[in-house]
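Trainee: Residue 7 is where the sequence shown starts when you use our numbering, and the numbers rise one by one after that.
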Amino acid sequence: MRVLIVEDEVEIARNLRAALAAAGMATDIAATRSEAEAALAATPYDAGVLDLGLPDGDGLTLLRWLRGRGCGTPMLILSARDSLEARVAGLDEGADDYLVKPYAEAELLARLRALLRRPGAALGRILACGGIVLDSISRAVEINGVPLALPRHELALLEALLRRQGRVVTRPVLLEQLYAAEDEPASNALPVHVHNLRRRMAGAGATATIITFRGLGYMLRAP
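1) Quick one: what does DSSP say SER85 is sitting in, helix, strand or coil?
2) Can you grab the Cα-Cα spacing for the pair ALA147 / ASP62, in whole Å?
3) Give me the residue from SER85, GLU13, LEU118, LEU66 with the minimum Cα distance to ALA29.
4) What is the DSSP secondary structure of ARG170, reduced to helix, strand or coil?
5) What does a CB cutoff of less than 7 angstroms around ARG87 pick up in its chain, not counting 5 residues either side in sequence?
6) Hey, PRO50 and GLY136: beta-carbon distance below 9 angstroms or not?
7) Which same chain residues end up closer than 6 angstroms to ALA37 when comparing Cβ atoms and leaving out the 5 residues on each side of it in sequence?
8) With distances taken Cα to Cα, identify the nearest neighbour of ILE217 among ALA192, VAL106, LEU10, ARG170.
9) Check whether the Cβ atoms of MET7 and ALA212 sit closer than 9 angstroms, and answer yes or no.
10) Note the first and the last residue of the continuous beta strand (DSSP E) segment covering ASP141.
11) Would you mind stating whether LEU121 and ARG206 have Cβ atoms separated by less than 9 angstroms?
12) Rounded to whole angstroms, what is the Cα-Cα separation between ALA101 and ALA42?
13) Between the beta-carbon of LEU180 and the beta-carbon of GLY223, is there less than 9 angstroms?
14) Please report the distance separating the alpha-carbon of VAL9 from that of GLY54.
15) Determine the DSSP secondary structure at THR38, reduced to helix, strand or coil.
16) CB TYR104 to CB LEU114, shorter than 9 angstroms?
17) Assuming GLU182 is part of the alpha helix (DSSP H), what are its boundary residues?
18) Do you know how far the Cα of PHE219 is from the Cα of VAL200?
This is the structure we're talking about:
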């Protein structure tokens, strides 16, 4: 799961990134409208969190640009503008939700998850394959009914494979789901995560297996 944070206040952006990372989401930060446009044009984000007061223009202009391109990426406005007129304008320009600053972290995460659960969005709640069950809201994993704790990157890897089970998921797609743009994972990071996840799955008795397609990527497959 990858989310773009469009926010020019450094402390708020850092807090948002930490909260979303704790919820298992990879994040990128854009501090200006132009940075956000470049990021959205280059990367298929699952959702965005958008401040309206940006140094090089209003966030509403960014929304118009985004929807004008036919992009349906769910966008949650996070703004200090608390008037009814501001909220109505944001929703009319194409925002999917509007939350006023200061905000409660739990509410922000709940609203974002709600957007991702909408039909056609990225988040289906319960994912299952070969004895593995992942609740994508609580981030809880069970194998054959027994809870299994996973590190953040392995959890993101498992979710990405579960969402595309039976299909080859390429290395670039997996790396996008596991890491933000500014991260620089080691060249062997993905194989190491796959190896560790395989070991934990096998140790817990999962019948699903991760198949390697050399030069392409990986597939999660049930027997």
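Virtual Cβ for every residue (Gly too), placed ideally from N, Cα, C.
Mentor: Taking the definition as stated:
1) The residue labelled residue 85 in the question sits at position 79 within the sequence shown. Taken through DSSP and simplified to helix, strand or coil, SER85 comes out as strand.
2) On the sequence shown, residue 147 is found 141 positions in, with the first residue counted as 1. On the sequence shown, residue 62 is found 56 positions in, with the first residue counted as 1. Correcting the residue type first, residue 147 is Val in the shown sequence and not Ala. Taking the CA atoms as reference points, VAL147 sits about 43 angstroms from ASP62.
3) If you number the sequence shown from 1, residue 29 lands on position 23. Ranking SER85, GLU13, LEU118, LEU66 by Cα distance to ALA29 puts LEU118 first.
4) Locating residue 170 in the sequence shown gives position 164, where the first residue counts as 1. Residue state, collapsed to three classes: coil.
5) The residue given as residue 87 occupies position 81 in the sequence shown. Around ARG87: LEU58.
6) Taking the sequence shown and counting its residues from 1, the one referred to as residue 50 is at position 44. Taking the sequence shown and counting its residues from 1, the one referred to as residue 136 is at position 130. Contact check for PRO50 against GLY136 fails: the beta carbons are separated by 9 angstroms or more.
7) Indexing the sequence shown from 1 puts residue 37 at position 31. If the five residues before and after ALA37 are omitted, its C-beta is found closer than 6 angstroms to the C-beta atoms of ASP14, all from its own chain and listed in chain order.
8) As a first step, residue 217 must be located in the sequence shown, where it is residue number 211. Nearest in C-alpha terms to ILE217, of all of ALA192, VAL106, LEU10, ARG170, is ARG170.
9) Position 1 of the sequence shown holds residue 7. Position 206 of the sequence shown holds residue 212. For MET7 and ALA212, no; Cβs fall outside 9 angstroms.
10) Taking the first residue of the sequence shown as position 1, residue 141 is located at position 135. If you look at ASP141, you'll find it in the beta strand (DSSP E) that goes 138-141.
11) For the purposes of this step, residue 121 is taken as residue 115 along the sequence shown, with counting starting at 1. For the purposes of this step, residue 206 is taken as residue 200 along the sequence shown, with counting starting at 1. The answer is no: Cβ separation not under 9 angstroms.
12) Within the sequence shown, residue 101 is the residue found at index 95, counting from 1. Within the sequence shown, residue 42 is the residue found at index 36, counting from 1. Looking at the backbone, the Cα of ALA101 and that of ALA42 are separated by about 15 angstroms.
13) Locating residue 180 in the sequence shown gives position 174, counting from the first residue. Locating residue 223 in the sequence shown gives position 217, counting from the first residue. Remark: C-beta atoms of LEU180 and GLY223 approach each other more closely than 9 angstroms.
14) Along the sequence shown, read from residue 1 onward, the residue named residue 9 stands at position 3. Along the sequence shown, read from residue 1 onward, the residue named residue 54 stands at position 48. For VAL9 and GLY54, the distance between alpha carbons rounds to 5 angstroms.
15) Counting from one through the sequence shown, the residue named residue 38 turns up at place 32. In the structure shown, THR38 sits in coil (DSSP, three-state: anything other than H, G, I, E or B).
16) As a first step, residue 104 must be located in the sequence shown, where it is residue number 98. As a first step, residue 114 must be located in the sequence shown, where it is residue number 108. No, these two residues do not count as a Cβ contact at 9 angstroms.
17) Indexing the sequence shown from 1 puts residue 182 at position 176. In this chain, the alpha helix (DSSP H) harbouring GLU182 covers 177-184.
18) As a working note, residue 200 is residue 194 in the sequence shown. As a working note, residue 219 is residue 213 in the sequence shown. Between VAL200 and PHE219, the C-alpha separation is close to 12 angstroms.
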